[in-house]
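In our numbering, the protein residues as written are 189 to 281.
Everything on this sheet refers to the single structure shown next.
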Amino acid sequence: HKIEVEVSKESDLREAVRSGADIILLDNLSPEETARMVEVARALAPNLLLESSGGITLENVRAYAEAGANLISIGALTHSARAMDISFKIQPA
């Protein structure tokens, strides 16, 4: 089993690392803030698994990838997907 902790500020990140979290989710940060948090996390626990989430789109995903987290979650893939316009017609046999 793995424990993942969601953080959005450095003090919470430090506490999560000290507490032994297996994965840390960096939530709702800019790419620059994400890079800084990754730097802090790597200094404390070099092999810690880091995930970026929140506000990430297909347009800005490269900036988040370059920030250095191991994983990226893009909720826009599901919650912002366009509905498909379909119809269903039944004809008598």
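Using N, Cα and C, we set each Cβ at its ideal position, and we do this for glycine too.
Give me the Cα-Cα distance between residue i and residue j, rounded to the nearest whole angstrom.
i: K277; j: A271; result: 19 Å
i: I274; j: P280; result: 20 Å
i: A223; j: G242; result: 14 Å
i: L246; j: S240; result: 14 Å
Tell me whether residue i sits in a helix, a strand or coil according to DSSP, three-state version.
i: E239; result: strand
i: L259; result: strand
Can you tell me where the beta strand (DSSP E) with residue i in it begins and where it stops?
i: D210; result: Neither: D210 is in no beta strand (DSSP E) and is coded neither H nor E.
Taking the CB atoms as reference points, tell me whether residue i and residue j lie closer together than 8 Å.
i: D215; j: E192; result: no
i: V228; j: E254; result: no
i: L238; j: V226; result: yes
Going by DSSP, what residue range makes up the alpha helix (DSSP H) through residue i?
i: E203; result: E198 to R206
i: E192; result: Not the alpha helix (DSSP H): E192 falls in the beta strand (DSSP E), residues E192 to V195.
i: A253; result: V249 to E254
Exercise. Would you call the region 208 to 224 and the region 253 to 262 in contact, with 3 or more CB pairs under 8 Å?
Worked result: yes
Exercise. Would you call the region 215 to 223 and the region 200 to 207 touching, i.e. three or more CB-CB distances under 8 Å?
Worked result: Of all C-beta pairs linking the region 215 to 223 to the region 200 to 207, fewer than three are shorter than 8 Å, placing the two stretches out of contact.
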